[in-house]
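S.K.: Protein sequence lines, in the order shown, are assigned to chains A and B.
If you're matching positions, the first sequence starts at 1 in the working numbering and goes up one per residue.
If you're matching positions, the second sequence starts at 1001 in the working numbering and goes up one per residue.
Virtual Cβ for every residue (Gly too), placed ideally from N, Cα, C.
As the structure is a computational prediction, the values presented were derived from the model and not from experiment.
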Amino acid sequence: MERKEHIISLLVKNAPDVLARIAGALGGKGYNIESLCVNATADYNVSKIVLTTRGNLATLNRIEKLLNKLIDVIQVDVVNPDRFVEKELTLAKIKIAEEFRSKIAVDIDSYKWKVVWLNGDYLILEVTADKDEMDQILQHLSELGMVEYTRTGTIVIER
Amino acid sequence: MKLKGTQILFKVLEQEKVDTIFGYPGGAVLDIYDELYKTRLRHILVRHEQGAVHAADGYARASGQVGVCLVTSGPGATNTVTGIATANMDSIPMVVFTGQVSTALIGNDAFQECDITGITRPCTKHNFLVRNIEDLTETIRKAFWIARSGRPGPVLVDLPKNVMAAETEFNPEPPKRRKMDVAYEPVPETYEEILRMIQEAERPVLMIGGGIILGGASSELTAFARKLRLPVTGTLMGLGAFPGTDPLWLGMVGMHGTYYANMAVCNTDLLIIIGARCDDRVTSKIDCFASGAKIIHVDVDESSIEKNVAVDLALVSDAKRALGHMNRMIEDRHFEINTRKREDWLNRITDWKHQEPLMYEQDDRIIKPQYVIEKLYELTKGEAIITTEVGQNQMWAAQFYHFDRPHTFISSGGLGTMGYGLPAAIGAQCALPDKLVVDIAGDGSIQMNIQEMATAVQYNLPVKVVLLNNGFLGMVRQWQELFYEKRYSQTDMTYQPDFVKLAEAYGWVGLRTDSPAEVADMLKQGMNTPRPVLMDFRVDREEGVYPMVRPGAGISEMTLFPRKKCV
Ligand SMILES: Cc1ncc(C[n+]2csc(CCOP(=O)(O)OP(=O)(O)O)c2C)c(N)n1
Chain A
1 MERKEHIISL
11 LVKNAPDVLA
21 RIAGALGGKG
31 YNIESLCVNA
41 TADYNVSKIV
51 LTTRGNLATL
61 NRIEKLLNKL
71 IDVIQVDVVN
81 PDRFVEKELT
91 LAKIKIAEEF
101 RSKIAVDIDS
111 YKWKVVWLNG
121 DYLILEVTAD
131 KDEMDQILQH
141 LSELGMVEYT
151 RTGTIVIER
Chain B
1001 MKLKGTQILF
1011 KVLEQEKVDT
1021 IFGYPGGAVL
1031 DIYDELYKTR
1041 LRHILVRHEQ
1051 GAVHAADGYA
1061 RASGQVGVCL
1071 VTSGPGATNT
1081 VTGIATANMD
1091 SIPMVVFTGQ
1101 VSTALIGNDA
1111 FQECDITGIT
1121 RPCTKHNFLV
1131 RNIEDLTETI
1141 RKAFWIARSG
1151 RPGPVLVDLP
1161 KNVMAAETEF
1171 NPEPPKRRKM
1181 DVAYEPVPET
1191 YEEILRMIQE
1201 AERPVLMIGG
1211 GIILGGASSE
1221 LTAFARKLRL
1231 PVTGTLMGLG
1241 AFPGTDPLWL
1251 GMVGMHGTYY
1261 ANMAVCNTDL
1271 LIIIGARCDD
1281 RVTSKIDCFA
1291 SGAKIIHVDV
1301 DESSIEKNVA
1311 VDLALVSDAK
1321 RALGHMNRMI
1331 EDRHFEINTR
1341 KREDWLNRIT
1351 DWKHQEPLMY
1361 EQDDRIIKPQ
1371 YVIEKLYELT
1381 KGEAIITTEV
1391 GQNQMWAAQF
1401 YHFDRPHTFI
1411 SSGGLGTMGY
1421 GLPAAIGAQC
1431 ALPDKLVVDI
1441 AGDGSIQMNI
1451 QEMATAVQYN
1461 LPVKVVLLNN
1471 GFLGMVRQWQ
1481 ELFYEKRYSQ
1491 TDMTYQPDFV
1501 KLAEAYGWVG
1511 LRTDSPAEVA
1521 DMLKQGMNTP
1531 RPVLMDFRVD
1541 REEGVYPMVR
1551 PGAGISEMTL
1561 FPRKKCV
């Protein structure tokens, strides 16, 4: 059966155990959260969570209903990628090797990546892209001397 | 009005019309118990916190009200977990108050500290840790509201000692709350569609679950089924929702369901499921469950629909409203079913019933457990409130006692918790002091909460225990007999107390017989004794529960009662 990736956007109460409830509700039934982003909204009492998971449509349906049942969950949206803008953020640390120096400089320029930190040996890039694009960029950077990176989960907003 | 946390607790309980709570004191709840001392609230002191939760659960099932418990922190709280999980699986409205160490100590591994909200998160409908006195009133009110609304369930409220000792302004006005299920106002077309499907069906079957009882929809259901001449079967939790003596009633469906109920579900062309979640004990092999049929599923809990069984039409609604609405539609217009086809179908079911009724073989030397229940049914005229333990005793009770009214069959269905029946009977008797309450028990299960015999005596609760004593963990033994070549690994429980002496030691009346001829008289004597009575029936040790759908088989492939003497 098809195990597509799905993005779910939630509004939840901003309280200590809410994330545990969500993780427990899904984990307890064997559903994996593949990526996760959480922060407070403009209303500090409400947090927004964007999570991604994998499964067929029936699984997605079940997950949506399970989340809807949680008392602290205010709203559940299954994200239709056609109606949402989707991005991830990565901080990538690159060891500057002589042979790649000029190549990196060119890429930074053409892809409009931001250099957020730099010394003689290393630089740190800030990269935003959607998931598939990010996979490619990280592959590319690993060939240019990337030593470490931190990648956020997907975030989305409706168009 | 400024009040302390402990005072607020009892004020809100009063506003929620709580008249009985079940509990057990300890360090973290001393202040609460001191305040209780000053109120007139009835508190039933159990002998184990698991007993408190099952008793509150039995109270809730018998009365339809929210059951309430109060226990201390740490071990008091952890002892409630099995009871809470039991209530959660069967959607029983309940609020459990647990003591907690002071907020400053939480996280320090303080004496009798335990993260009970963490432990019970997956087995409560919701739970709360009250960190501020300002939140207390609203949290308790919300706990009751959550426990009752939509699909009911247990809610735990953890009460730190310092919060309960603090003072705050008490607002006696409860806030207005929306009903939880208004979001699901179904569209009239859905009702039309359901009625149309029933009209077109040739072999419809109605399958009901505990949702009918929890939703108070029994009379609507009964009217609906009778008007449309729909045969009705039910899950274990649905027993009593439809009159068990009505000719349209097929008995229970599923693993130990009747032959005719299971055959009807297999041969139906339209299965209408209301208030049941269709677990594996009901459906068995899912591909064989109503495989040729269209399926309609009505439930308040959206997540119960399409969880196990794929449906053609789903309606998220409470059963009472949906059935009430459709009953009015049927009355308002000329609604016709194809009577001839329907009678053909009902006749076919009757043939199955004659071909393979629920049965056992009476014996004049050894007591058959089914016979005890049959006699109990006769003697009580079906009027008793029956609780059960878990195992064969539970299945025979479901098969051989007939339940005409909701709230009269009280049993742990979803979790199958041994030790449930006695404390649940105590709780039911607290709710219904004038009713005859009988726990149909097995000798294994009864020993799991036997300490509650003392509770029954302390509060003059004249509950009866009908012990089907086979000296085995009977249901497990039956599986070993059928699937493990009679290797009875750790299921022989011949070593048991003298139950009659034990009963007497607790202040009960104890009776015993091993003779079929004495069964009726002993039951009569037991039922007529206005005190708690344990009746120890020494029954056939290796009797089995039939029909039985083997694990992994479809529900039409039943192992039927092995007729030894029949030709
Ligand atoms: C707490 C708990 N432990 C274990 C089981 C597994 N189990 C199910 S039925 C059963 C046997 C019950 O024996 P008994 O109470 O004597 O009843 P009988 O089947 O003999 O009527 C057991 C051990 C259970 N349901 N609950």
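1) Beta-carbon of B/Glu1302 versus every beta-carbon of chain A: anything under 8 Å?
2) Considering Cα atoms alone, identify which of A/Glu148, A/Thr90, A/Asp109 and A/Tyr149 is closest to A/Val127.
3) With burial defined as no fewer than 16 other Cβ atoms inside 10 Å of the residue's Cβ, what is the status of B/Lys960: buried or exposed?
4) Flag A/Lys69 as yes if its beta-carbon sits less than 8 Å from any beta-carbon of chain B, otherwise no.
5) Is B/Gly1442 near ligand 1, with its Cβ less than 7 Å from a heavy atom?
6) Tell me which residues share the same chain as B/Ala1110 and place their Cβ nearer than 6 Å to its Cβ, disregarding the 5 neighbours each side in the sequence.
7) Which bits of chain B does A/Lys65 rub up against, with CB to CB less than 9 Å?
8) B/Asp1181 to B/Ser1317, Cα distance in whole Å?
9) Would the beta-carbon of B/Thr1388 fall within 8 Å of that of B/Ala1397?
10) Following the continuous beta strand (DSSP E) through B/His1054, name the residue where it begins and the one where it ends.
11) According to the neighbour-count rule (16 or more other Cβ atoms, all chains shown, within 10 Å of its Cβ), is A/Ala42 buried or exposed?
12) With a threshold of 7 Å on Cβ separation, who are the neighbours of B/Leu1236 within its own chain once the five nearest residues in sequence on each side are excluded?
13) Nearest chain B C-beta to A/Asp17 closer than 8 Å, yes or no?
14) Taking only beta-carbon atoms, is A/Gly120 less than 8 Å away from chain B?
15) How is the beta strand (DSSP E) around A/Ser47 delimited, first residue to last?
16) Could you pull out every residue in the same chain whose Cβ sits closer than 7 Å to the Cβ of A/Ile141, ignoring the five residues on either side in sequence?
17) Ligand 1 and B/Ser1445: does the residue's C-beta get closer than 7 Å to at least one heavy atom of that ligand?
18) Hey, how far is the Cα of B/Val1163 from the Cα of B/Val1130?
19) Going along the chain, which residues of its own chain have a beta-carbon closer than 6 Å to the beta-carbon of A/Arg3, five neighbours each way excluded?
20) Does the segment 1427 to 1439 of chain B come into contact with the segment 1282 to 1290 of chain B, if we say contact requires no fewer than three beta-carbon pairs (one atom in each stretch) closer than 8 Å?
21) Where does B/Arg1487 sit, in a helix, a strand or coil, going by DSSP?
22) Smallest Cα separation from B/Val1265: which of B/Ala1217, B/Ile1295 and B/Ala1456?
23) Beta carbon of A/Glu34, beta carbon of A/Thr52: below 8 Å?
24) Can you give me, in chain order, the residues of the segment 36 to 48 of chain A that have a beta carbon less than 7 Å from any beta carbon in chain B?
25) Please look up how many angstroms separate the CB atoms of B/Pro982 and B/Gln1015, rounded, as I've assumed it's under 8 Å.
26) When you compare only the Cα positions, how much space is there between A/Tyr31 and A/Asn61?
27) The segment 1099 to 1123 of chain B: which residues have C-beta closer than 9 Å to a C-beta of chain A, in chain order?
28) Assuming B/Val1519 is part of the alpha helix (DSSP H), what are its boundary residues?
29) So, B/Phe1022 versus B/Leu1041, is the Cβ gap smaller than 8 Å?
30) Alpha carbon to alpha carbon, how far is B/Arg1477 from B/Tyr1568? Give it in angstroms, no decimals.
31) Helix, strand or coil: how does DSSP classify B/Gly1544 here?
32) In the DSSP assignment, what residue or residues form a beta bridge with B/His1126?
33) Checking contacts by CB at 8 Å: is A/Gly24 closer than that to chain B?
34) Is B/Met1448 near B/Gly1419, with beta carbons less than 8 Å apart?
35) Determine the extent of the beta strand (DSSP E) in which B/Pro1204 is found, giving its start and end residues.
36) Between B/Tyr1546 and the rest of its own chain, which residues show a CB-CB distance below 7 Å, the 5 nearest in sequence each way excluded?
M.R.: In short:
1) Cβ-Cβ to chain A under 8 Å: yes for B/Glu1302.
2) Here the closest residue by C-alpha is A/Thr90.
3) There is simply no residue 960 of chain B to check, as chain B begins at 1001 and stops at 1567 in what is shown.
4) Taking CB atoms only, A/Lys69 has a neighbour in chain B less than 8 Å away.
5) In this structure, the C-beta of B/Gly1442 approaches ligand 1 to less than 7 Å from one of its heavy atoms.
6) For B/Ala1110, where only same-chain residues beyond five positions count, the Cβ hits under 6 Å are Val1101.
7) Taking a Cβ-Cβ cut-off of 9 Å, the neighbours of A/Lys65 in chain B comprise Asp1301, Glu1302, Ser1303, Ser1304, Ile1305, Glu1306 and Lys1307, given in sequence order.
8) Because the pLDDT of B/Asp1181 is 48, which lies under 50, any placement of that residue in the model is unreliable, and the number read from its coordinates should be weighed accordingly. Computed Cα separation, rounded: 7 Å.
9) Yes, the Cβ-Cβ distance between B/Thr1388 and B/Ala1397 is below 8 Å.
10) Secondary structure note for B/His1054: it is in no beta strand (DSSP E), and the uninterrupted alpha helix (DSSP H) holding it is Glu1049 to Ser1063.
11) Answer is exposed; the Cβ neighbour count stays below 16.
12) Answer for B/Leu1236: Met1252, Ala1398, Ser1411 and Gly1413, listed in chain order.
13) Using a Cβ-Cβ cut-off of 8 Å, A/Asp17 counts as an interface residue toward chain B, since at least one Cβ of chain B sits closer than that to its own.
14) Answer no: the Cβ-Cβ gap between A/Gly120 and chain B never drops below 8 Å.
15) From DSSP, the beta strand (DSSP E) with A/Ser47 extends over Val46 to Gly55.
16) This sequence places Leu at residue 141 of chain A; Ile is not what is there. Correct list, in chain order: Ala92 and Ile94.
17) Yes - ligand 1 has a heavy atom lying nearer than 7 Å to the Cβ of B/Ser1445.
18) Roughly 8 Å separates the two Cα atoms.
19) Closer than 6 Å at the Cβ level, and outside the excluded window around A/Arg3, lie Arg54 and Gly55.
20) Touching, no, given that fewer than three Cβ pairs across the two stretches are closer than 8 Å.
21) In the displayed model, B/Arg1487 falls within coil according to three-state DSSP, outside both helix and strand.
22) Closest by C-alpha distance to B/Val1265, out of B/Ala1217, B/Ile1295 and B/Ala1456, is B/Ile1295.
23) Against a cut-off of 8 Å, the Cβ pair of A/Thr52 and A/Glu34 comes out as a contact.
24) From the segment 36 to 48 of chain A, no residue has a Cβ closer than 7 Å to chain B.
25) Missing from the structure shown is residue 982 of chain B; chain B here goes from 1001 to 1567 and no further.
26) Between the alpha carbons of A/Tyr31 and A/Asn61 lies a gap of roughly 12 Å.
27) Contact residues of the segment 1099 to 1123 of chain B toward chain A are Thr1117, Gly1118, Arg1121 and Pro1122 (C-beta to C-beta distance below 9 Å).
28) Note, B/Val1519: alpha helix (DSSP H), Val1519 to Asn1528.
29) No, these two residues do not count as a Cβ contact at 8 Å.
30) Not covered by the structure: residue 1568 of chain B. The range shown for chain B is 1001 to 1567.
31) B/Gly1544 falls in the coil class under three-state DSSP.
32) Note: B/His1126 sits in a beta bridge opposite B/Val1155.
33) Chain B, which has a Cβ nearer than 8 Å to the Cβ of A/Gly24, makes this yes.
34) Judged by beta-carbon spacing, B/Gly1419 lies within the 8 Å limit of B/Met1448, meaning their Cβ atoms are closer than that value.
35) Pro1204 to Ile1208 is the extent of the beta strand (DSSP E) around B/Pro1204.
36) Counting only residues of its own chain and dropping the five nearest sequence neighbours on each side, B/Tyr1546 has a CB closer than 7 Å to the CB of Thr1559, Leu1560 and Phe1561.
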